[in-house]
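S.K.:
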Amino acid sequence: MKKKFISVTLALALGLSLTACGNNGGGNAPADKKEETQEPADDGAEDAGEDAGTEDTGSTGDVANKDKPLVWFNRQPSNSSTGELDSAALSFNENTYYVGFDANQGAELQGTMVKEYIEAHIDEIDRNGDGTIGYVLAIGDIGHNDSIARTRGVRKALGTGVDKDGNINSDPVGTNTDGTATVVQDGEIEVGGKKYVVRELASQEMKNPQGATWDAATAGNSIGTWSSSFGDQIDVVVSNNDGMGMSMFNAWSNANKVPTFGYDANSDAVAAIAEGYGGTISQHADVQAYLTLRVLRNALDGVDIDTGIGTADEAGNVLTDDVYVYREEERSYYALNVAVTADNYQDFTDSTKVYEPVSNQLEEGSHAKKNVWLNIYNSGDNFLGSTYQPLLQSYDDILNLEVEYIAGDGQTESNITNRLADPNKYDAFAINMVKTDNAASYTSLLSQ
Ligand code: BGC
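Quick note: the sequence shown, position 325, residue 1274 per our numbering, numbers continuous.
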């Protein structure tokens, strides 16, 4: 039997090393990556049964729910105030993982993309010619690590960040017309010997009255309010994601020719680059969606977790380390980000296209159909709905997984957990929480 990880060592490592937003550095593959990973599938199936302390007969009833493979994705179990990772949730059982992307690397890319755009367009960007480049910022969710990282990344690159407890403050500023706010400061950019002030004129969390965050409609309304207060002081619009960015672009910036920047590289945002959308960041959803289901497939097959990831499977699926990192101490796979601008957007026009190196069909004979319960936290989320889920739906066929997709309302965990009434019907679970603090709402159901 081939155990992928030793659980005791793992729990210890997790306990000692989990840190807030710990997405820096780290290796590219499981530390105990095996040499001989192309093991026969029947051997693998036996391992899965043994891992769970029972023979795997292909039915769902044999393995206790608490021992079934579990993957958290898109919303990493963590404390929404401090960002500290939830080690109990991430090591719920030995087949538990998180799949997301490197938030800090992507945030830095987004900030740099905005700064470089300003520098390259300095002659026309200052719309009222007052020497101050004003920007507004749409914040997704003040308690979500990805959102926090993006706010920090933009403030860092533009010099508008101020320190709070050793990190850049990511709080929304509200409004900052005259530059006197304390949450941010005025930055400075020098181009061609001329200095410009950079000011965050306004920022707020885009949460709707019912409580859904990253809310595109709220962002569309906010740009209306901001543009009537600030008018041509707004030279740049920045958003933590494309859903909100496109809502602001369609409501105001396109008509007013104000460059708008988002994140996610959803197809509509990439297409809008041709019309003046400033740019976006691909978080390699094509790699994340694959990893989300692949770790479950591997755990169900009882093969080394690196199979079809860092090590080619028998069908030839493999990822190279320029598209993801695995950090064992966090039990987390992170896809790497790529900036998408006017220079390269033609390569990103379809965000739902599977990633070619991992697009090879697995044989059903050696990878029997398994049932997976998977939820999307908010059916209204642009990224998850228009990019991530369509990708999952392509990979579930490739990996022979029968996935039941549950759509949440983005507001309450119970709306989703109510639909996990009978975990016995499933072989594995893929969870996208409403709030990153709420992992226990799910694991308690699986532990019953
Ligand atoms: C995406 C956002 C999305 C959020 C949902 C982020 O990674 O960039 O667009 O709204 O995940 O959790």
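Glycine is no exception: its CB is placed at the ideal position from the N, C-alpha and C atoms.
For P1158, count neighbouring C-beta atoms within 10 Å of its own C-beta (all shown protein chains included) and say buried if the count is 16 or more, exposed if not.
M.R.: For this step, residue 1158 is matched to residue 209 along the sequence shown. By the neighbour-count rule (16 or more Cβ atoms within 10 Å), P1158 is not buried but exposed.
S.K.: If you follow the alpha helix (DSSP H) that L1369 is part of, which residue opens it and which one closes it?
M.R.: If you number the sequence shown from 1, residue 1369 lands on position 420. Neither: L1369 is in no alpha helix (DSSP H) and is coded neither H nor E.
S.K.: Is the distance from the Cβ of N1286 to the Cβ of I1230 below 7 Å?
M.R.: Position 337 of the sequence shown, counted from the first residue, corresponds to residue 1286. Position 281 of the sequence shown, counted from the first residue, corresponds to residue 1230. Yes, these two residues count as a Cβ contact at 7 Å.
S.K.: Can you give me the start and stop residues for the alpha helix (DSSP H) that A1220 sits inside?
M.R.: Along the sequence shown, read from residue 1 onward, the residue named residue 1220 stands at position 271. 1216 to 1221 is the span of the alpha helix (DSSP H), which, as asked, contains A1220.
S.K.: Considering only the beta carbon of each residue, do S1300 and T1241 sit closer than 7 Å?
M.R.: Taking the sequence shown and counting its residues from 1, one reaches residue 1300 at position 351. Taking the sequence shown and counting its residues from 1, one reaches residue 1241 at position 292. Taking 7 Å as the Cβ cut-off, S1300 and T1241 do not qualify as a contacting pair.
S.K.: Under 6 Å Cβ to Cβ from A1214, same chain only, skipping five residues before and after it: list those, please.
M.R.: By one-based count along the sequence shown, residue 1214 stands at place 265. Hits under 6 Å: T1229, S1231, V1289, F1297, S1300.
S.K.: Should N1381 and N1028 be called a contact, given that it needs their Cβ atoms to be closer than 7 Å?
M.R.: Start at 1 with the first residue of the sequence shown, and residue 1381 comes out as number 432. Start at 1 with the first residue of the sequence shown, and residue 1028 comes out as number 79. It is not a contact, given that the beta carbons lie outside the stated cut-off.
S.K.: Check the C-beta distance from N1170 over to R1148 and give it rounded, since I have them as a contact under 8 Å.
M.R.: Indexing the sequence shown from 1 puts residue 1170 at position 221. Indexing the sequence shown from 1 puts residue 1148 at position 199. At roughly 22 Å, the Cβ-Cβ gap does not stay under 8 Å, so N1170 and R1148 are not in contact.
S.K.: In three-state DSSP terms, what is R1101?
M.R.: Counted from its first residue, the sequence shown places residue 1101 at position 152. DSSP places R1101 in helix when its eight states are reduced to three.
S.K.: Closer than 6 Å by C-beta to V1352: which residues in its own chain qualify, once you throw out the five before and the five after it? Chain order, please.
M.R.: For the purposes of this step, residue 1352 is taken as the residue at position 403 of the sequence shown. Only V1321, L1323, D1345 meet the Cβ criterion.
S.K.: Between E1073, L1341, L1311, Y1326, which has its C-alpha nearest V1140's C-alpha?
M.R.: Position 191 of the sequence shown, counted from the start, is the residue given in the question as residue 1140. Relative to V1140, the option among E1073, L1341, L1311, Y1326 whose CA is nearest is E1073.
S.K.: Less than 7 Å between the C-beta atoms of M1195 and D1217, yes or no?
M.R.: Along the sequence shown, read from residue 1 onward, the residue named residue 1195 stands at position 246. Along the sequence shown, read from residue 1 onward, the residue named residue 1217 stands at position 268. Yes, the pair counts as a contact, with Cβ atoms nearer than the cut-off.
S.K.: Note down, one range per segment and in chain order, each alpha helix (DSSP H) of at least 4 residues found wholly within the region 1282 to 1350.
M.R.: Listed in chain order, they are 1338 to 1347.
S.K.: Does the beta carbon of Y1212 fall short of 6 Å from some heavy atom of ligand 1?
M.R.: Here residue 1212 refers to the residue found at position 263 of the sequence shown. At least one heavy atom of ligand 1 is nearer than 6 Å to the Cβ of Y1212, so yes.
S.K.: Please list the segments of the alpha helix (DSSP H) lying wholly inside the region 1029 to 1073, counting only runs of 4 or more residues, in order along the chain.
M.R.: 1036 to 1039, 1052 to 1069
S.K.: Under three-state DSSP, which class holds L1245?
M.R.: Counted from its first residue, the sequence shown places residue 1245 at position 296. In the three-state reduction of the DSSP assignment, L1245 falls in the helix class.
S.K.: Between G1227 and the rest of its own chain, which residues show a CB-CB distance below 6 Å, the 5 nearest in sequence each way excluded?
M.R.: Your numbering for residue 1227 matches position 278 in the sequence shown. Excluding sequence positions up to five before and after G1227, its CB lies within less than 6 Å of the CB of Y1066, P1208, T1209, F1210, all in the same chain and listed in chain order.
S.K.: Taking the alpha-carbon positions, what's the A1013 to I1365 distance?
M.R.: The sequence position of residue 1013 within the sequence shown is 64, counting from 1. The sequence position of residue 1365 within the sequence shown is 416, counting from 1. One C-alpha to the other measures close to 21 Å.
S.K.: Could you tell me how far apart the beta carbons of K1105 and I1117 are, in whole angstroms, since I believe they sit closer than 8 Å?
M.R.: Along the sequence shown, read from residue 1 onward, the residue named residue 1105 stands at position 156. Along the sequence shown, read from residue 1 onward, the residue named residue 1117 stands at position 168. Indeed they touch by this definition, with Cβ atoms about 6 Å apart.
S.K.: May I ask which residues mark the beginning and end of the beta strand (DSSP E) holding D1184?
M.R.: Working through the sequence shown from its first residue, we reach residue 1184 at position 235. Counting along the chain, the beta strand (DSSP E) containing D1184 begins and ends at 1183 to 1188.
S.K.: In angstroms, rounded to a whole number, what distance separates the CA positions of V1063 and P1121?
M.R.: As a first step, residue 1063 is located in the sequence shown; it is residue number 114 there, counting from the start. As a first step, residue 1121 is located in the sequence shown; it is residue number 172 there, counting from the start. Their backbone Cα atoms lie some 19 Å apart in a straight line.
S.K.: Compute the Euclidean distance between the alpha carbons of A1379 and A1388, then round it to the nearest angstrom.
M.R.: What you label residue 1379 is simply residue 430 of the sequence shown in a count that begins at 1. What you label residue 1388 is simply residue 439 of the sequence shown in a count that begins at 1. Going by the C-alpha atoms only, they are around 12 Å apart.
S.K.: Tell me whether N1349 is buried or exposed, calling it buried when 16 or more other Cβ atoms sit within 10 Å of its Cβ.
M.R.: What you label residue 1349 is simply residue 400 of the sequence shown in a count that begins at 1. Buried: at least 16 other Cβ atoms inside 10 Å.
S.K.: Taking its Cβ as the centre, do 16 or more other Cβ atoms sit within 10 Å of S1363, making it buried, or is it exposed?
M.R.: Position 414 of the sequence shown, counting from 1, holds the residue named residue 1363. Classification of S1363: exposed, given that the 10 Å Cβ count is below 16.
S.K.: Relative to the C-alpha of Q1153, which candidate in A1204, W1201, L1086, V1185 has its C-alpha closest?
M.R.: Looking up residue 1153 in the sequence shown gives position 204. Nearest option by C-alpha distance: L1086.
S.K.: First and last residue of the alpha helix (DSSP H) that includes Y1084?
M.R.: Here residue 1084 refers to the residue found at position 135 of the sequence shown. No alpha helix (DSSP H) contains Y1084, which is instead part of the beta strand (DSSP E) from 1081 to 1088.
S.K.: Measure the C-alpha to C-alpha separation of A1284 and D1270 and round it to an integer number of angstroms.
M.R.: To locate residue 1284, count along the sequence shown from 1; it is residue 335. To locate residue 1270, count along the sequence shown from 1; it is residue 321. The alpha-carbon atoms of A1284 and D1270 are separated by roughly 9 Å.
S.K.: Could you pull the DSSP bridge partners for R1148 from this structure?
M.R.: Walking along the sequence shown from the start, residue 1148 turns up at place 199. Paired residue(s): G1083.
S.K.: By alpha-carbon positions, which one of R1276, I1088, Y1145 ends up nearest to A1161?
M.R.: Counting from one through the sequence shown, the residue named residue 1161 turns up at place 212. The shortest Cα separation from A1161 among R1276, I1088, Y1145 belongs to I1088.
S.K.: Could you work out which residue in N1189, G1225, N1367 is closest to A1204 when comparing CA atoms only?
M.R.: Residue numbering aside, residue 1204 sits at position 255 when the sequence shown is read from its first letter. Of the listed residues, the one whose Cα sits closest to A1204 is G1225.
S.K.: By the three-class DSSP mapping on this structure, what secondary structure does L1268 have?
M.R.: Here residue 1268 refers to the residue found at position 319 when the sequence shown is read from its first residue. L1268 falls in the coil class under three-state DSSP.
S.K.: For A1168, which of helix, strand or coil comes out of DSSP?
M.R.: In the sequence shown, the residue the question calls residue 1168 occupies position 219. Reduced to three states, the DSSP call for A1168 is helix.
S.K.: Are the CB atoms of M1197 and V1186 nearer to each other than 7 Å?
M.R.: If you number the sequence shown from 1, residue 1197 lands on position 248. If you number the sequence shown from 1, residue 1186 lands on position 237. Result yes, Cβ atoms of M1197 and V1186 sit closer than 7 Å.
S.K.: Check whether the Cβ atoms of Y1047 and S1396 sit closer than 7 Å, and answer yes or no.
M.R.: Translated into the one-based positions of the sequence shown, residue 1047 becomes position 98. Translated into the one-based positions of the sequence shown, residue 1396 becomes position 447. No; because the gap between Cβ atoms is not below 7 Å, this pair is not in contact.
S.K.: Measure the alpha-carbon distance for V1219 versus K1302 and round it to whole angstroms.
M.R.: Locating residue 1219 in the sequence shown gives position 270, where the first residue counts as 1. Locating residue 1302 in the sequence shown gives position 353, where the first residue counts as 1. Spanning the two alpha carbons is a distance of roughly 14 Å.
S.K.: Can you say whether G1257 is buried or exposed, counting buried as having 16 or more other CB atoms within 10 angstroms of its CB?
M.R.: Stepping through the sequence shown from its first residue, residue 1257 is reached at position 308. The C-beta of G1257 has 16 or more other C-beta atoms within 10 Å across all chains shown, which makes the residue buried.
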